Amino acid sequence: MDKIVKSIASSGYFRAFVLDCTETVRTAQEKHQTQASSTVALGRTLIANQILAANQKGDSKVTVKVIGDSSFGHIISVANSKGEVKGYIQNKGVDIKKTATGEVLVGPFMGNGHFVTIVDYGTGNPYTSTTPLISGEIGEDLAYYLTESEQTPSAVGLNVLLDKEDKVQVAGGFMLQVLPGAPEHEITRYEERIQKMPAISSLLASEDHISALLDAIYGEDDYKLLDESPLSFHCDCSKERFEQALITLPKTDLSEMKEEDQGAEINCQFCGTTYYFTENDLEKLINDKA
Ligand SMILES: [Zn+2]
Numbered sequence: 083m084d085k086i087v088k089s090i091a092s093s094g095y096f097r098a099f100v101l102d103c104t105e106t107v108r109t110a111q112e113k114h115q116t117q118a119s120s121t122v123a124l125g126r127t128l129i130a131n132q133i134l135a136a137n138q139k140g141d142s143k144v145t146v147k148v149i150g151d152s153s154f155g156h157i158i159s160v161a162n163s164k165g166e167v168k169g170y171i172q173n174k175g176v177d178i179k180k181t182a183t184g185e186v187l188v189g190p191f192m193g194n195g196h197f198v199t200i201v202d203y204g205t206g207n208p209y210t211s212t213t214p215l216i217s218g219e220i221g222e223d224l225a226y227y228l229t230e231s232e233q234t235p236s237a238v239g240l241n242v243l244l245d246k247e248d249k250v251q252v253a254g255g256f257m258l259q260v261l262p263g264a265p266e267h268e269i270t271r272y273e274e275r276i277q278k279m280p281a282i283s284s285l286l287a288s289e290d291h292i293s294a295l296l297d298a299i300y301g302e303d304d305y306k307l308l309d310e311s312p313l314s315f316h317c318d319c320s321k322e323r324f325e326q327a328l329i330t331l332p333k334t335d336l337s338e339m340k341e342e343d344q345g346a347e348i349n350c351q352f353c354g355t356t357y358y359f360t361e362n363d364l365e366k367l368i369n370d371k372a
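Using the working numbering, the letters of the sequence shown correspond one by one to residues 83 to 372.
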C-alpha cells in the first residue's frame, strides 16, 4: 500500500515527507491509459498534490493545476487530507521516448505556464495561488511554489520509473523543508547534501526506497519519524453526482438528449468512468425538474 512518512531532524531545524506512490500512479495509468511521458507527467503531479494535501490540517481539499503551453496541455488533480487523490492529463497520448539513461522527459513537453494551487478549507473561501513553471518538471515547480508562495524554503524530488513495457514500476518522492530558526551553516550543510544526492530514480529503484530516501536526506544526522499514513488514487464520482449536474441543465436540453440521442453517456474526466443515462433516467429527471 502507498504511504507518506513524515519525519523531523532531531535538531528541529528540518522536516521531510517521504512518499511511496507506486499504486496511486499505476492506477492512474490504468484508468487513463496514459503513454510513457504522459504517465510520468501525470504521476509527478499526483505525487506533488499528495505532498501538498499532507501539509494541510482538517478536511481540506487541494487542487493542483499544471497549465502548460506545449504537448501535454494541462494536468489537473485534486487531493484530500485522507491521502486520496484523483487527476487527469489533457493529452494522455503523449509518448516521447526515454533518453539513453532511461529518463522520461517532461519539462520540454509541459512548456511555459503556471503552477496553480487551490486550497479549499471547506469554509467556502478557497485560497488560490499561482507561480510560474520553472522547468515544467513538476518537482522543481512545486519547490518554487513552496519557497515563494508559502514562504518555506523547500527542496522537492519526485519521479515515476517505468519498466520495459512503459508500465509503472515505482513512483514516489520527497519534500524537505527548512523550519524557522535554522542556522545558516546548517542550511548550507543540508543544501550540499541534497545537491550531492543520488538521482531520485536510483533511490526509488532500491528495495526499500522509503529508507533510501530518508538516508539520502538526513545522511549521518539523527531524525525522528512522526507519522505514517496511507495514500491512494480514489475518485469520488458517482451516478448520483452526475445526476445532480444533469438536473441543472435546461429542460429542453434534457428532452433533446432523450428524444434525439435516446440517452446520455457521461465520462468522468478524473477517473475515466462512464455513466449511462437511459431514456427512462432522463424522463425521470425531466419530471423531477417540473
Ligand atoms: Zn471519477
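We put the CB at the ideal spot given by N, CA and C, even for glycine.
It should be emphasised that the depicted structure is a prediction, and the values quoted were computed from it without experimental measurement.
Here GLN132 is buried, its C-beta having at least 16 other C-beta atoms within 10 Å. In the displayed model, ALA225 falls within a helix according to three-state DSSP. Scanning its chain for C-beta atoms nearer than 8 Å, with the 5 sequence neighbours on each side dropped, one finds around ASP303 the residues ALA91, SER92 and SER93, in chain order. By the criterion of at least three beta-carbon pairs nearer than 8 Å, the stretch 222-238 is not in contact with the stretch 162-176. Take ARG275, set aside five residues on each side of it, and the residues of its chain with a beta-carbon closer than 7 Å to its own are GLY301, in chain order. If you compare the alpha carbons of GLU266, LEU215 and ILE299 with that of VAL198, the shortest gap goes to LEU215. Separation of ILE200 and HIS156 (C-alpha to C-alpha, rounded to the nearest whole angstrom) is 15 Å. ALA130 is classed as buried because its beta carbon has at least 16 other beta carbons within 10 Å across all chains shown.
Counting C-beta atoms within 10 angstroms of its own C-beta, THR181 has fewer than 16 neighbours from the protein chains shown and is therefore classed as exposed. Non-local C-beta neighbours of GLU361 in its own chain, meaning closer than 7 Å and more than five positions away in sequence, comprise LYS340, GLN344 and GLY345, ordered along the chain. Judged by DSSP in its simplified three-state form, PRO235 adopts coil rather than helix or strand. Each of CYS317, CYS319, CYS350, PHE352, CYS353 and THR355 has a C-beta closer than 6 Å to some heavy atom of ligand 1; these make up the full list, in chain order. Between the stretch 278-295 and the stretch 317-328 there are fewer than three C-beta pairs closer than 8 Å, too few to call the two in contact. Distances from the CA of GLY204 to each of PHE191, VAL252 and GLN138 were compared; the closest alpha carbon is that of GLN138. Leaving aside the five residues that flank ALA264 on each side, the residues in its chain whose CB is nearer than 6 Å to its CB run, in chain order, TYR95.
Here ILE299 is buried. Its C-beta has 16 or more other C-beta atoms within 10 Å. Taken through DSSP and simplified to helix, strand or coil, TYR357 comes out as strand. Rounded to the nearest whole angstrom, the CA to CA distance from PHE191 to GLN351 is 21 Å.
If you check the CB distance, ILE86 and GLY193 do not come in under 8 Å. Non-local beta-carbon contacts of LEU240 in its own chain, meaning distances under 6 Å to residues more than five positions away in sequence, involve ARG126, ILE129, GLY221 and GLY255 in chain order. At least 8 Å separates the beta-carbon of VAL167 from that of LEU244.
LEU258 sits close to SER236, with the two beta carbons spaced by under 8 Å.
Counting only residues of its own chain and dropping the five nearest sequence neighbours on each side, LYS306 has a CB closer than 7 Å to the CB of SER89, ILE90 and SER92.
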